[in-house]
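Here the structure is laid out as structure tokens; the discussion comes afterwards.
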Amino acid sequence: MVGLQAISAHNGWAMAITGSIIVMGGLSVLAFIISQLHKMIGLFEKKKKEAPHFSKPVADIDVLNDPAATARMYQPLTADLGDSFLLADLYRIFEREQLPHPHLTISALREAKHLQSLGDGLFSWKKDSDKQ
Amino acid sequence: MELFIGFLKNTGYYLADMRYVLMICVGILFCFLATAKKYEPLLLLPIGFGIIVGNIPFFKGFGLGIYENNSVLHYLYFGVTSGLYPSIVFLGLGAMTDFSSMLARPKLMLLGAAAQMGIYFTLLSALALGFAPKEAASVAIIGGADGPTSIFLTAKLAPHLIGPIAIAAYSYMALIPIIQPPIMRLLTTREERLIRMPDTDRPITRKELLCFPILGVILCCFLAPASIPLLGPFFFGNFMKESRVVDRLAKTASTSIIDTATIFLGFTVGASTQADVFLTGKSVGIFLLGSVAFSIATASGVIFAKIMNVFMKEKINPLLGAAGVSAVPGSAREVHLVGLKEDPNNYLLMHAMACNASGVIGSAICAGILWSFMMR
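As given, the protein sequences belong to chains L and H, one line each in that order. Residues 44 to 175, numbered by my numbering, are exactly what the first sequence covers, in order. Residues 32 to 407, numbered by my numbering, are exactly what the second sequence covers, in order.
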């Protein structure tokens, strides 16, 4: 069977029209959704938590040679971690805030005992560090 | 002496006939086009060499040919007949695709949808010419100008036609610089070709790039679940790329994995064109319909862009419609070049890539739709 008769016999017209509508409809919906995507993201985006504001300028502090000032300056950053925390979490925060020499700073704070070990890998700030 | 004569009778020289010689010439032509003319070398070179290897005559029954059980080529060919290689290629393609130009200009996605009309027109033509419905659907998908999609659908619906359909699809992809420009010029005026597109509508955030593959896979695969084997890996590859947390995986998918799949896909598809199986009247019909499909797809995109211009304040360059076929990035490049010929300062490439990316999604959806139609 050939010609228009073959198309009709195999339901060709319906397949072509339905297929065209589906692909056109599908991509139109996708196009509409992605055109609104930035608005949706804006709607669902949580307002960034007001993290304890860190008002630098870090460059003014000698983070390695003045651990007391460094501890005072950095302590508010860890408020979300609670009283005890892992050094890895502290390191992550320092990195997130793009603080200079995070690893060396933590070492300096430990050596100066501003970071005190609680055992089991947990640390806390020295209680009287604010007074120093 | 008898042993020597027996050996001679088993050689390819003795077993060859004109059909094999003709196919080997086609293979050499493909290799020539790939190396000397640099027409889609990544595809034509493995296919061309595969055609040469697949058409060396051999003594049947030794488990040598691609269609003989337990032959090495047969095992490699399993990746084609099972639809494995196309899925892997789509994974790599997703990891390589940057959707930011499409996300910045969502309206251009419609051109990617319009260019798929060539598929349905060819479906009707193939049915009218006497092809069985499953064969007609496999031939029609050539209009998507997407080799892996064509191979995937044909493997599912009409595996006996994989050779001619794959060769037709890849040939027309390689012939984009010859087929598309005349159609683009024929259907557009000089004024239309000179239309400039704004640089970008808005900057795209990382969150949008991250959300898109998830939204895309959900929307498209819910609409046409039969496209999961293509669009699933495609969007997964893109998500890996955009997440930026698995750079190693994304890089591997977009380099080693897609390259490996392309080598085996091209080589085995080429080898599947064994003259005694390939050279039939149907193959000629498939080639003719393939060119019709590709031309209509190009024309549909251009005409749809012109229709959109009737309703839109900000006109779009109708040349972009030709990039709605999913031959990435060949057709986008061609649109860009045709635009540049009219105005050397009119850069259409990024806009054309938006249409191209949407064309990839569109043709995969069409494959899913056709497959689900034929499963009924």
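Beta carbons are placed, not taken as given, at the ideal position from N, Cα and C, and that holds for glycine.
Per DSSP, what are the beta-bridge partners of residue i in this structure?
i: Phe-128 (chain L); result: L:Phe-166
i: Leu-158 (chain L); result: L:Trp-168
Return the chain-ordered list of same chain residues with a C-beta closer than 7 Å to the C-beta of residue i, the five sequence neighbours on each side being excluded.
i: Gly-316 (chain H); result: Leu-160
i: Met-44 (chain L); result: Ala-52
i: Ser-102 (chain H); result: Gly-94, Leu-95, Gly-96
i: Phe-162 (chain H); result: Val-170
i: Asp-132 (chain L); result: Leu-124
i: Leu-73 (chain H); result: Thr-293
i: Ala-47 (chain H); result: Pro-88
Could you tell me how far apart the beta carbons of residue i and residue j are, in whole angstroms, since I believe they sit closer than 8 Å?
i: Ile-172 (chain H); j: Ile-198 (chain H); result: 14 Å between Cβ atoms; not a contact.
i: Leu-155 (chain H); j: Ile-50 (chain L); result: 5 Å
i: Ala-189 (chain H); j: Ser-169 (chain H); result: 4 Å
i: Leu-261 (chain H); j: Phe-152 (chain H); result: Contact flag wrong, Cβ pair sits at about 22 Å.
i: Gly-110 (chain H); j: Gly-301 (chain H); result: Going by Cβ atoms, the distance from Gly-110 (chain H) to Gly-301 (chain H) rounds to 14 Å, so no, they are not a contact pair.
Within the same chain, show all residues whose beta-carbon is closer than 8 Å to that of residue i, passing over the 5 residues directly before and after it, in chain order.
i: Ser-403 (chain H); result: Ala-255, Pro-256, Ala-257
i: Ile-288 (chain H); result: Ile-119, Leu-122, Gly-123
i: Met-405 (chain H); result: Pro-164, Lys-165, Ala-168, Leu-188
i: Ser-113 (chain H); result: Ala-186
i: Leu-129 (chain L); result: Gly-164, Leu-165, Phe-166
i: Ala-328 (chain H); result: Ala-146, Gln-147, Met-148, Gly-149, Ile-150, Gly-174, Gly-175, Ala-176, Gly-355, Val-356
i: Glu-138 (chain L); result: Pro-145
Could you pull out every residue in the same chain whose Cβ sits closer than 6 Å to the Cβ of residue i, ignoring the five residues on either side in sequence?
i: Asn-340 (chain H); result: Lys-346
i: Ile-55 (chain H); result: Ile-83, Asn-86
i: Pro-226 (chain H); result: For the sequence presented, residue 226 (chain H) should be read as Ile rather than Pro. Within the same chain, Ile-226 (chain H) has close Cβ partners Lys-346, Asn-348.
i: Ala-205 (chain H); result: Tyr-70, Glu-71, Leu-75
i: His-146 (chain L); result: none
i: His-382 (chain H); result: Met-228, Leu-351
Contact between the region 294-305 of chain H and the region 128-137 of chain H is defined here as three or more beta-carbon pairs at a separation below 8 Å; is this criterion met? no
Relative to chain L, which residues along the region 132-160 of chain H have a C-beta separation below 7 Å, given in chain order? Leu-134, Pro-137, Lys-138, Met-140, Leu-141, Gly-143, Ala-144, Gln-147, Met-148, Tyr-151, Leu-154, Leu-155, Leu-158, Ala-159, Leu-160
Using a Cβ-Cβ cut-off of less than 7 Å, give me the residues of the region 130-147 of chain L that come near chain H, in sequence order. none
Closer than 7 Å between beta carbons: that is the criterion. Which residues of the region 46-78 of chain H meet it against chain L? none
For the region 388-406 of chain H, list every residue whose C-beta sits within 8 Å of some C-beta in chain L, in sequence order. Ser-389, Ile-392, Gly-393, Ile-396, Cys-397, Ile-400, Leu-401, Phe-404
Is it the case that the region 110-118 of chain H contacts the region 202-220 of chain H, given that we only count it when at least three CB pairs across the two stretches are under 8 Å? no
Contact between the region 86-95 of chain H and the region 37-52 of chain H: three or more CB pairs below 8 Å? yes
Would you call the region 204-215 of chain H and the region 358-369 of chain H touching, i.e. three or more CB-CB distances under 8 Å? yes
Select from the region 248-271 of chain H all residues with a C-beta closer than 8 Å to any C-beta belonging to chain L, and list them in chain order. Leu-250, Cys-251, Leu-254, Ala-255
Do the region 389-398 of chain H and the region 61-76 of chain L make contact, defined as three or more Cβ pairs closer than 8 Å? yes
Is the region 366-374 of chain H touching the region 342-353 of chain H, taking contact as three or more C-beta pairs under 8 Å? yes
Looking at C-beta atoms only, is the number of pairs between the region 334-346 of chain H and the region 301-320 of chain H that lie closer than 8 Å three or more? no
Listed from N- to C-terminal order along the chain, which residues in the region 163-189 of chain H have their beta-carbon within a distance smaller than 7 Å of any beta-carbon of chain L? Pro-164
Closer than 8 Å is the cut-off here; do at least three beta carbon pairs connect the region 268-286 of chain H with the region 62-74 of chain H? no
Output, in sequence order along the chain, the residues in the region 48-67 of chain L whose CB is closer than 7 Å to any CB in chain H. Ala-49, Ile-50, His-53, Gly-55, Met-58, Ala-59, Gly-62, Ser-63, Ile-65, Val-66, Met-67
May I ask you to list, following chain order, the residues of the region 307-322 of chain H that have a beta carbon less than 8 Å from some beta carbon of chain L? none
Could you name the residues of the region 321-344 of chain H whose beta carbon sits closer than 9 Å to any beta carbon of chain L, in the order they occur along the chain? none
Contact the region 149-165 of chain L vs the region 109-116 of chain L: 3+ CB pairs below 8 Å: yes
Is the number of C-beta pairs between the region 238-252 of chain H and the region 137-149 of chain H that are closer than 8 Å three or more? no
With 9 Å as the limit, tell me which residues of the region 116-129 of chain L have their beta carbon closer than that to any beta carbon of chain H; keep them in chain order. none
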